[in-house]
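Single-structure report; data block below.
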Amino acid sequence: MYTQNREHPCAEYRKKSETSGVMAGADIKPKSICHAKKWSDEVENLYRFQQAGYRDEVEYKQVKQVDTVECWPETGFVKKLQRRDNTFYYYNKERECEDREVHKVKVYVY
Numbered sequence: 001m002y003t004q005n006r007e008h009p010c011a012e013y014r015k016k017s018e019t020s021g022v023m024a025g026a027d028i029k030p031k032s033i034c035h036a037k038k039w040s041d042e043v044e045n046l047y048r049f050q051q052a053g054y055r056d057e058v059e060y061k062q063v064k065q066v067d068t069v070e071c072w073p074e075t076g077f078v079k080k081l082q083r084r085d086n087t088f089y090y091y092n093k094e095r096e097c098e099d100r101e102v103h104k105v106k107v108y109v110y
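Note that our numbering has the sequence shown beginning at 1, numbered continuously upward.
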């Protein structure tokens with residue numbers, strides 16, 4: 001489908017997301033979506049947000065009106081998320097997204 005000169009639309013998900021500095025009040029919508037092919041730190045955090053019922057960090061910040069997300073300092077993985085029903089999900093320092101789950105993670109491009 002894509003020629004050699006044209007980059008796949010979701011190839012940029014491997015790059016550091018530039019949307020992490022987006023204001024919580026901004027109504028940002030993704031331009032495209034793809035599924036993760038292999039595990040990475042970014043895929044791990046997306047897995048955690050999606051388990052809690054959010055697309056990603058951008059949507060979490062918009063819905064919960066927060067500026068930062070609590071992360072483990074050692075790994076940078078998300079530590080705690082508040083679901084829409086106000087219950088909390090607590091995550092370990094280590095990887096939680098198993099290889100068999102990676103393909104289920106949706107990667108949104110803004």
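Glycine included, each C-beta is placed from N, C-alpha and C at the ideal position.
Where K93 falls: helix, strand or coil (DSSP): Reduced to three states, the DSSP call for K93 is coil.
Let me check understanding here. Comparing Cα to Cα, which of V102, E44, V78 and Q62 lies closest to R84? Here the closest residue by C-alpha is Q62.
Could you tell me the boundaries of the beta strand (DSSP E) in which Q82 lies? K80 to Q82
List the residues that DSSP assigns as beta-bridge partners of Y108. I33
Can you tell me where the alpha helix (DSSP H) with K64 in it begins and where it stops? E57 to K64
Among V58, S32, L46 and I33, whose alpha-carbon lies nearest the alpha-carbon of R95? L46
What's the C-alpha gap between R55 and E74? Approximately 24 Å between the Cα atoms of the pair.
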